[in-house]
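Residue numbers (the working numbering), protein chains in the order written: chain A, 8 to 197; chain B, 8 to 197.
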């Protein structure tokens with residue numbers, strides 16, 4: 008998606024250690040008008056695919072997922088990172104390591120909101136090492152639901168996540184694929 | 008908003024200790040179609056008010072805020088609960104006690120995304136003791152921006168939050184106002 012590449016080049020901030028900050032339109036300030044263009048693009052890419060539920064993970068995935076969900080007339084279910092007193096015990100759970108935050112989180116999804124018959128599109132902001140996405144796929148499959156595909160905003164194609172998800176037999180569509188960030192310079196896969 | 012009262016009565020779960028769970032359409036599964044009705048209602052209520060930014064707090068506020076923001080043609084900025092390595096040091100911050108999670112969080116907002124001249128509508132799911140909302144108002148005011156109003160989905164009017172925010176001179180519009188939850192029975196203010 009050319010418009011996303013341009014936006015990343017214009018508004019993204021590259022930091023040492025392979026960190027790309029897109030706080031200006033995704034992870035802190037959300038450019039809702041632009042996310043509607045993202046939604047249209049995912050709808051174009053997954054046109055004709057049966058999808059009745061959008062799954063994502065808190066917190067950054069929620070905004071994108073909600074806007075995208077409008078183009079699929081589907082509700083969003085987001086995996087939660089911590090067990091709160093407000094969620095029932097009847098959940099699917101899986102452990103996920105976070106590269107960004109250097110922690111391991113147990114992510115959970117209530118059995119009430121996902122189950123056999125669900126045709127799921129997973130939406131997330133980043134695909135890097137693939138741990139979060141693998142965790143979400145595991146939750147959906149544990150529920151007996153089907154992952155119809157993954158829609159990712161930014162893929163760091165120089166990390167191992169894409170190959171990991173491909174090896175699980177899941178279709179991945181990433182709207183911007185970063186080939187390299189050497190010397191803090193962004194190079195995209197066209 | 009009658010449709011919201013009906014939805015809370017139908018899908019909400021009342022638990023002991025004044026806890027109302029709306030995980031089925033707000034806090035875990037998000038009913039995106041219904042949130043569009045919520046967005047239209049906030050637009051009706053705040054019609055004619057100059058608003059150029061929607062502010063909320065992660066995680067549950069983000070989905071509502073993004074859908075609502077479309078009706079104001081405004082971006083969303085969400086306060087973050089923890090300092091991550093991916094956010095710069097140049098932030099406004101305030102401590103907020105969470106009734107639900109029994110913790111104190113420092114919430115932060117980057118100085119890049121809020122400032123003088125901003126006319127802010129704050130959107131959140133619940134108003135109970137008012138701590139989160141007061142924290143958000145403080146962040147916005149610290150930034151030199153103006154709080155034009157607060158749009159709340161569910162107000163527990165039997166708790167002190169509404170009076171607290173009223174005392175700050177801020178307009179609050181709550182789409183469902185719960186008068187009491189005695190014996191786990193919901194009574195709304197009409």
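Using N, Cα and C, we set each Cβ at its ideal position, and we do this for glycine too.
The structure displayed is predicted, hence computed values, not measured ones.
About 5 Å separates the Cβ atoms of residue 38/B and residue 82/A, confirming a contact at the 8 Å cut-off.
In the DSSP annotation of this structure, the continuous segment of the alpha helix (DSSP H) that includes residue 41/A starts and ends at 39-52.
When the beta-carbon positions are compared, residue 20/B and residue 43/B stay at least 9 Å from each other. Just so you know, the alpha carbons of residue 102/B and residue 41/B end up roughly 32 Å apart. With three or more CB-CB distances shorter than 8 Å, the segment 128-141 of chain A counts as touching the segment 54-71 of chain A. In this structure, residue 27/B sits away from residue 177/B, with a CB-CB distance that is not shorter than 9 Å. Counting other Cβ atoms within 10 Å of its Cβ, residue 16/A stays below 16 and is therefore classed as exposed. Closest in alpha carbon position to residue 187/A, among 78/A, 135/A and 99/A, is 135/A. In the assembly as shown, residue 9/A is an exposed residue. Its beta-carbon has fewer than 16 other beta-carbons within 10 Å. Under the 9 Å criterion on CB atoms, residue 74/B is classed as interfacial with respect to chain A.
Contact annotation for residue 117/B against chain A: 30 and 35 [CB-CB distance below 7 Å, chain order]. In this structure, the alpha-carbon of residue 115/A lies about 13 Å from that of residue 66/A.
The beta carbon of residue 29/B is closer than 6 Å to those of 19 in its chain, skipping five residues each way along the sequence. Along the segment 85-139 of chain A, the beta strand (DSSP E) occurs as fully enclosed runs of 3 or more residues at 98-105, 110-117 and 126-134, listed in sequence order.
Take residue 166/B, set aside five residues on each side of it, and the residues of its chain with a beta-carbon closer than 7 Å to its own are 135 and 136, in chain order. In the displayed model, residue 181/A falls within a strand according to three-state DSSP. At a C-beta separation below 7 Å, residue 111/A has no neighbours in chain B, since its nearest C-beta there lies roughly 15 Å away. Here residue 156/A really is in contact with residue 180/A; their C-beta atoms are around 6 Å apart, less than 8 Å.
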